[in-house]
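Enquirer: Residue numbers for the sequence shown follow UniProt numbering, beginning at 1 and rising by one. We put the beta carbon where it would ideally sit given N, CA and C, even for glycine. In this text the structure is predicted, and so the values were computed from the model without any measurement. Attaching a single structure in structure tokens format; questions to follow.
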Amino acid sequence: MASTPSTILLLGTCDTKLPELLYTKAAIESQTDPNTNKRLQVHLMDIGHTQTTHDSITTTQQDLLTPSNNTNTRIPDLSTLSRAEYIKALTPHAISLTSNLYKSHQIHGILAIGGSCGTALASAVMRDALPVGFPKLMVSTMASGDVAPYIGETDICMMYSVVDIAGTNRVLGTVLENAAMAIGGMGVGYLRRSLAEQEQREKDGDAGGKRSVQIAISMFGVTTPAVTHARHHLESILPDCEVYAFHATGSGGRAMERLIREGRIDAVLDLTTTEIADEVVGGVLSAGPERLCAATKREIPRVVSVGACDMVNFGCSDSIPVSFREQKMEGGEGRVFHEHNETVTLMRTTKEECVQIGRVIARNLKRDKSGKTRVVLPVGGISMLDVPGGPFWDPKVDEVLFSTLEDELTGSGIKVMRDSRAINDPEFAVVVADELINLIQGEGVHL
């Protein structure tokens with residue numbers, strides 16, 4: 001049993017929300033940690049615009065600004081700065097201290113409450129200081145709208161405050177108590193899991209434990225059969241592997257790239273690179289220009305294909321830009337669209353767009369000089385829609401994508417292979433999975 005109970009890091013602007021923070025702090029501290037039979041503890045960090053003094057504040061604004069907090073220079077009095085400037089100035093200090101608290105195992109969950117400024121600052125701390133899997137909860141007045149800028153590629157839980165965080169009335173009090181109980185439970189669970197993992201490591205010893213191979217796979221609805229077959233084959237040949245499927249929705253690709261950067265992924269089966277099509281053409285599911293770059297930099301075993309690069313994603317049909325709706329192709333016909341569901345409309349890529357997509361994929365791959373990257377091209381179709389009789393079937397356009405990749409990767413040391421089958425053919429899935437298995441076993445990844 002642990003000697004120290006779960007500790008929750010509570011963030012907020014004490015100059016504007018101290019009563020609400022103290023209310024939340026008390027609600028957390030009212031809970032008992034079954035790991036220790038002691039009350040939960042709270043580390044209250046002030047991220048306010050102006051300095052606040054109170055005995056319950058563990059880390060004051062001034063504490064954050066001290067040079068010992070591992071930042072290069074002392075910054076000016078925050079109260080003289082605009083709100084935007086203060087957030088920009090204080091954020092790296094809060095990130096640094098939070099990261100130190102996490103690395104020294106002093107906290108087991110983080111809860112923040114805030115309006116627009118507090119949410120911007122606290123969510124940045126959660127994204128940049130803490131890994132995926134660490135409990136994160138943000139109670140915010142901004143949580144009922146577009147929360148993508150706050151969450152990014154992490155696992156932040158957003159809770160809408162319903163009313164403004166200004167006075168602990170009955171509605172807000174209930175919301176804050178629910179948040180306190182939620183983060184308390186998550187923190188207790190996180191500590192229990194951490195203790196169990198530590199016990200297992202000690203039991204295994206430094207040389208005795210065998211870590212499973214962590215494999216990432218990118219997928220989309222129109223490449224799901226390929227991913228399912230490949231995953232099953234990987235798990236049958238590598239019983240010690242763990243496979244993580246990432247939905248190629250932009251945030252999914254960014255999440256995969258982040259875990260690769262953090263060293264939590266050992267190999268990648270990047271079957272579905274459709275996010276690059278959205279980045280190039282202007283769809284709504286782009287993962288940004290750095291897609292594919294994390295594995296390139298780490299030089300880990302990787303097999304790449306062009307799943308769903310036949311399409312660009314938009315919302316409902318009315319949301320498609322007029323320039324695409326009215327665009328005329330060779331012969332005078334318009335763009336080809338397919339309604340995936342009421343909220344998603346797909347647009348077929350053109351020859352010109354496929355040239356650009358191929359160039360971007362090649363550019364982000366060929367920086368890898370390790371020889372651990374393979375590209376496999378499914379000539380029989382690159383998505384569920386791109387098959388004979390399908391709405392996006394156009395082998396001439398696909399050929400432009402294939403030949404562009406082959407041309408761009410010539411001399412790069414990256415092996416490019418064509419397979420006559422469609423991407424969702426079970427045998428194609430086995431081929432790409434076997435390619436990755438050979439790379440993994442050749443590198444001795446599963447140690």
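Grab me the residues of L365's own chain with a C-beta within less than 8 Å of its C-beta, minus the 5 sequence neighbours each way, in chain order.
Expert: The residues are L292, T296, V304, T373, V375, L409, S412 and I414.
Enquirer: Rounded to whole angstroms, how far is the Cβ of P135 from the Cβ of G109, which I believe are closer than 8 Å?
Expert: Confirmed, Cβ separation roughly 4 Å.
Enquirer: Taking the runs of the beta strand (DSSP E) that are 3 residues or longer, which of them lie wholly in the stretch 406 to 442?
Expert: Complete beta strand (DSSP E) runs here, min 3: 415 to 419.
Enquirer: Ends of the beta strand (DSSP E) at C241?
Expert: First-last of the beta strand (DSSP E) with C241: C241 to H247.
Enquirer: Label A27 either buried or exposed according to how many other C-beta atoms from any shown protein chain fall within 10 Å of its C-beta, with 16 as the threshold for buried.
Expert: Buried is the call here.
Enquirer: According to DSSP, is D270 helix, strand or coil?
Expert: Here D270 sits in strand by DSSP.
Enquirer: Could you name each continuous alpha helix (DSSP H) segment of 4 residues or more that falls completely within the stretch 267 to 342, going from the start of the chain to the end?
Expert: Runs found: 274 to 281, 293 to 298 and 322 to 325.
Enquirer: Does the beta-carbon of H54 have 16 or more other beta-carbons within 10 angstroms, so that it is buried, or is it exposed?
Expert: H54 is exposed by the Cβ-count criterion.
Enquirer: List the endpoints of the continuous beta strand (DSSP E) containing V139.
Expert: V139 -> beta strand (DSSP E) spans K136 to S140.
Enquirer: Determine, using beta carbons only, whether M417 and L385 come nearer to each other than 8 Å.
Expert: Contact flag unset, no.
Enquirer: Can you give, in chain order, each stretch of the alpha helix (DSSP H) that sits fully within the stretch 338 to 389 and has at least 4 residues?
Expert: Listed in chain order, the complete alpha helix (DSSP H) runs (minimum 4 residues) inside the stretch 338 to 389 are 351 to 365.
Enquirer: Is the distance from the Cβ of L97 to the Cβ of L64 below 8 Å?
Expert: Against a cut-off of 8 Å, the Cβ pair of L64 and L97 comes out as a contact.
Enquirer: DSSP state of R254, grouped into three classes?
Expert: DSSP places R254 in helix when its eight states are reduced to three.
Enquirer: With L285 and N313 assumed to form a contact (beta carbons below 8 Å), what rounded beta-carbon distance in angstroms separates them?
Expert: Yes, L285 and N313 are in contact; Cβ-Cβ is about 4 Å, under 8 Å.
Enquirer: Would you mind working out which of V227, S104, V132 and T141 sits nearest T119, comparing C-alpha positions?
Expert: When each option's Cα is compared against that of T119, the closest is T141.
Enquirer: How long is the line joining the alpha carbons of H340 and I156, rounded to whole angstroms?
Expert: Looking at the two C-alpha atoms, the distance is approximately 28 Å.
Enquirer: Excluding the 5 residues preceding and the 5 following V379 in the sequence, name in chain order all residues of the same chain whose CB lies nearer than 6 Å to its CB.
Expert: Closer than 6 Å at Cβ, skipping near neighbours: R418 and S420.
Enquirer: To the nearest angstrom, how far is the alpha carbon of R211 from that of A182?
Expert: Rounded to the nearest angstrom, the two C-alpha atoms are 31 Å apart.
Enquirer: Using 8 Å as the threshold, is the C-beta distance between L439 and P301 below it?
Expert: Cβ distance < 8 Å, so L439 and P301 count as in contact.
Enquirer: Could you give the first and the last residue of the continuous alpha helix (DSSP H) run that contains S104?
Expert: From DSSP, S104 is part of no alpha helix (DSSP H); its letter is neither H nor E.
Enquirer: Apart from the five residues just before and just after D33, which ones in its own chain have a Cβ nearer than 6 Å to its Cβ?
Expert: The answer, listed in chain order, is P5, S6, L40 and V188.
Enquirer: Give the DSSP-derived three-state secondary structure of S144 in the structure shown.
Expert: S144 falls in the coil class under three-state DSSP.
Enquirer: Okay, do the stretch 183 to 203 and the stretch 44 to 58 touch, 3+ Cβ pairs below 8 Å being the bar?
Expert: In short, these stretches do not touch, since the Cβ pair count stays below three.
Enquirer: Just the Cα atoms here: how many angstroms apart are V400 and Q214?
Expert: Their Cα atoms are separated by approximately 34 Å.
Enquirer: Does the structure place the stretch 247 to 257 close enough to the stretch 326 to 336 that three or more beta carbon pairs sit under 8 Å?
Expert: Counting Cβ pairs under 8 Å, fewer than three are found: no touch.
Enquirer: Have a look at E262 and A166 and give me their C-alpha separation to the nearest angstrom.
Expert: E262 and A166: Cα-Cα distance of roughly 38 Å.
Enquirer: Classify A207 as helix, strand or coil using the three-state DSSP reduction.
Expert: Legend: pLDDT at A207 = 49, less than 50; position of this residue unreliable, no value from coordinates given.
Enquirer: Which of helix, strand or coil does DSSP assign to R39?
Expert: Three-state result, R39: strand.
Enquirer: Measure from the alpha carbon of I87 to the alpha carbon of each residue in K103, T345, L111 and T50, then state which is nearest.
Expert: Nearest C-alpha to I87: T50.
Enquirer: Return the first residue and the last residue of the beta strand (DSSP E) that A129 is part of.
Expert: Run containing A129: none in the beta strand (DSSP E); it sits in the alpha helix (DSSP H), S116 to A129.
Enquirer: Just how far apart, CA to CA, sit L11 and E279?
Expert: Distance between the alpha carbons of L11 and E279: 35 Å.
Enquirer: Suppose the cutoff is 7 Å on Cβ atoms and the five residues either side in sequence are ignored; what does the same chain contact list for Q62 look like?
Expert: Excluding sequence neighbours, Q62 sits near Q51.
Enquirer: Thinking C-beta only, is A143 closer than 8 Å to M159?
Expert: Result yes, Cβ atoms of M159 and A143 sit closer than 8 Å.
Enquirer: Give a yes or no on whether the C-beta atoms belonging to F392 and R359 are separated by under 8 Å.
Expert: The answer is no: Cβ separation not under 8 Å.
Enquirer: Short of 6 Å in beta carbon distance, which residues of its chain neighbour A180, apart from the five on each side in sequence? Order them along the chain.
Expert: So the list reads T24, A27 and I28, once near-sequence residues are dropped.
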